[in-house]
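Asker: So the sequence shown is numbered by full-length UniProt numbering: it starts at 1 and just counts up by one. Before I ask anything, here is the structure I am working with.
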Amino acid sequence: MDWVRGEKLGNGSFGTVNLARPRSRSSQIPPLMAVKSCGMSLSDSLMNEKLILDELKDCPEIIRCFGENFTDENGVKLYNVLLEYASGGALADKVKNSCDNRLPESEVRRYTKALLKGLNYIHMYGYVHCDIKLQNILLDPNGGVKIADFGLAKRVERKKEGNFGYELRGTPLYMSPEMATRNEQGPPADIWALGCVVAEMVGGASLWRSSGLAELLMRIGVRGEFPEVPGNLSSEGKDFLEKCFVNDPSKRWTADMLLNHPFVDDQDLVDTVTLKERCDEDNASTSPRCPFDFPDWTITSLPSPEYSPESGSWFHEEVNSTSGSMSILAAERLQGLVSDHRPHWSGSDDWLTVR
Numbered sequence: 001m002d003w004v005r006g007e008k009l010g011n012g013s014f015g016t017v018n019l020a021r022p023r024s025r026s027s028q029i030p031p032l033m034a035v036k037s038c039g040m041s042l043s044d045s046l047m048n049e050k051l052i053l054d055e056l057k058d059c060p061e062i063i064r065c066f067g068e069n070f071t072d073e074n075g076v077k078l079y080n081v082l083l084e085y086a087s088g089g090a091l092a093d094k095v096k097n098s099c100d101n102r103l104p105e106s107e108v109r110r111y112t113k114a115l116l117k118g119l120n121y122i123h124m125y126g127y128v129h130c131d132i133k134l135q136n137i138l139l140d141p142n143g144g145v146k147i148a149d150f151g152l153a154k155r156v157e158r159k160k161e162g163n164f165g166y167e168l169r170g171t172p173l174y175m176s177p178e179m180a181t182r183n184e185q186g187p188p189a190d191i192w193a194l195g196c197v198v199a200e201m202v203g204g205a206s207l208w209r210s211s212g213l214a215e216l217l218m219r220i221g222v223r224g225e226f227p228e229v230p231g232n233l234s235s236e237g238k239d240f241l242e243k244c245f246v247n248d249p250s251k252r253w254t255a256d257m258l259l260n261h262p263f264v265d266d267q268d269l270v271d272t273v274t275l276k277e278r279c280d281e282d283n284a285s286t287s288p289r290c291p292f293d294f295p296d297w298t299i300t301s302l303p304s305p306e307y308s309p310e311s312g313s314w315f316h317e318e319v320n321s322t323s324g325s326m327s328i329l330a331a332e333r334l335q336g337l338v339s340d341h342r343p344h345w346s347g348s349d350d351w352l353t354v355r
């Protein structure tokens, strides 16, 4: 596909996002898209994201992908993924610009139900998003939800016995207890993060105030603390969050179960057809704006802690063991994730601004 790069929308640890227009009209391609680009040396994550989006293409609550290509710009070879453009922006911006930085509960219920439909589809296909947060939830012009940024997403895999490598994915503010202590990141971790999103939409404030990274991981993983449930939330909403904030992931409600919860089940929302029926339809929805605006720390890789300014990531070596590793105290494991060196998120030599 031949296209023209337009205005820059944002950037992040995996690349930049610009508007894009196709050079020729087509019934299959919208007149305005978003293009996510990165240098070839950092393209693995973006290529993985493209493959996942191709597999999840039929779900209306997930952004669509229109293809990929390579370009040479200003002497740099870039890998590009063309996506839907969600002109409604990020849900984080909508919350920030709302009265008292919080949304009416009727809106929260509607967004929550749409998110559950998207997560149910993702989990049904054997994937975990790994970074559900307000910044990665986009809105189309009609207010429809689009789950975006699958750069950290992965297939659900059963952990091999004796392999206790640490690969911390996602944003600590939304991290589940099992991820913080045992490196378990399956569908229940996405549900915990969803609960955080709901609490933020209602409460209008950060869930873990005045907590550095070390203290935050200790509070979540060792002390078993829960994000604060907003006092202005209805009894149905509070019960919904109780089902999301269960320390034991095996007892945490699934997306499919939560779709039948009174908090969202009585919402008069768009469709009443089943998940399979919805995803068999031809949905020409809108797209991701993906403004990569990270107000909090996003960790892309944390298995020894050592920060690499060349790639903008944290790296930890995988640990293989046949005895004793799982008996390490959770507090000791968490100490290995902390470093006094903080990354400079605002700049990287690997990023390229295209005008």
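Yeah, the Cβ is synthetic: ideal placement off N, Cα and C, and Gly gets one too.
#1: Of all Cβ atoms in chain B, is any one closer than 7 Å to the Cβ of Val81?
#2: Using only the alpha-carbon positions, how far apart do Gly39 and Met179 sit?
#3: With a cut-off of 8 Å, do at least 3 Cβ pairs link the region 54-64 to the region 113-120?
#4: So the alpha helix (DSSP H) Ser37 belongs to, where does it begin and stop?
#5: Looking at the unbroken beta strand (DSSP E) that takes in Lys238, where does it start and where does it end?
#6: By alpha-carbon positions, which one of Ser206, Ser43 and Cys244 ends up nearest to Thr71?
#7: For Phe245, which residues from the same chain have a beta carbon less than 6 Å from its beta carbon, with the 5 sequence-adjacent residues on both sides left out?
#8: Under 8 Å, with one C-beta from each stretch per pair, do the region 123-137 and the region 101-109 reach the 3-pair mark?
#9: When the Cα of Ser26 is compared with those of Leu78, Phe66, Leu119 and Leu258, which residue comes out closest?
#10: What residues match up with Lys77 in a beta bridge as DSSP calls it?
#11: In or out: Trp3 buried (at least 16 other Cβ within 10 Å) or exposed?
#12: Quick one: using the 10 Å Cβ neighbour count with 16 as the cut-off for buried, is Leu56 buried or exposed?
#13: Rounding to the nearest angstrom, what Cα-Cα distance links Asn120 and Leu213 in this structure?
#14: Going by other Cβ atoms of all chains shown within 10 Å of its Cβ, with 16 needed for buried, is Glu84 buried or exposed?
#15: Is it a yes or a no for the region 224-242 touching the region 137-147, going by three-plus beta-carbon pairs under 8 Å?
#16: Which whole-angstrom value describes the C-beta separation of Trp200 and Val95, a residue pair presumed to lie in contact below a C-beta threshold of 8 Å?
#17: Based on the DSSP secondary-structure assignment, which residues constitute the bridge partners of Trp3?
#18: Along the alpha helix (DSSP H) that carries Leu46, what are the first and last residues, could you check?
#19: Please state whether DSSP places Phe263 in a helix, a strand or coil.
#20: Leaving out the 5 sequence neighbours to the left and right, which residues in its chain are closer than 7 Å to Phe150 when beta-carbon positions are compared?
#21: Just the Cα atoms here: how many angstroms apart are Leu139 and Ala86?
#22: Short check: CB of Met1 to CB of Ala20, under 7 Å?
#23: Taking the CB atoms as reference points, tell me whether Pro249 and Pro188 lie closer together than 7 Å.
#24: For Glu225, which residues does DSSP report across the bridge?
#25: Please indicate yes or no: does the CB of Arg223 lie closer than 6 Å to some heavy atom of the ligand NAD?
#26: When DSSP labels each residue in this structure, what does Val197 get in the three-state scheme?
#27: Of all the options Arg5, Ala92, Lys36 and Gly186, which has the alpha carbon lying nearest to the alpha carbon of Met124?
#28: Buried or exposed: Pro177, going by 16 or more other Cβ atoms within 10 Å of its Cβ?
#29: According to DSSP, Lys154 sits in a beta bridge with which residue or residues?
#30: Give the single residue among Tyr79, Leu216 and Val35 whose Cα lies nearest to the Cα of Thr181.
#31: Could you check how far apart the C-beta atoms of Ala92 and Gln135 are, in whole angstroms? I think they sit under 8 Å.
#32: Express the C-alpha separation of Lys251 and Gly237 in angstroms, rounding to a whole number.
Answerer: In short:
#1: Although the question refers to chain B, the structure presented lacks it and comprises just one protein chain.
#2: 30 Å
#3: Cβ pair count under 8 Å is three or more, so yes.
#4: Ser37 -> not in any alpha helix (DSSP H); beta strand (DSSP E) instead, spanning Met33 to Gly39.
#5: Here Lys238 belongs to no beta strand (DSSP E); instead the alpha helix (DSSP H) covers Ser235 to Cys244.
#6: Ser43
#7: Gly195 and Phe226
#8: no
#9: Phe66
#10: Asp72
#11: buried
#12: buried
#13: 30 Å
#14: Answer is buried; the Cβ neighbour count reaches 16.
#15: no
#16: With the sequence shown as reference, residue 200 is identified as Glu, and Trp is not the correct amino acid for it. Between the beta-carbon of Glu200 and that of Val95 there is about 7 Å, and that keeps the pair under the 8 Å contact cut.
#17: Listed as beta-bridge partners of Trp3 by DSSP are Pro22.
#18: Asp44 to Glu55
#19: helix
#20: Glu49, Ile52, Leu53 and His129
#21: 6 Å
#22: no
#23: yes
#24: Glu225 is not bridged to any residue.
#25: For the ligand NAD, the structure offers nothing, since it holds no ligand at all.
#26: Reduced to three states, the DSSP call for Val197 is helix.
#27: Selected option, being the one with the closest Cα: Gly186.
#28: buried
#29: Val128
#30: Leu216
#31: 5 Å
#32: 18 Å
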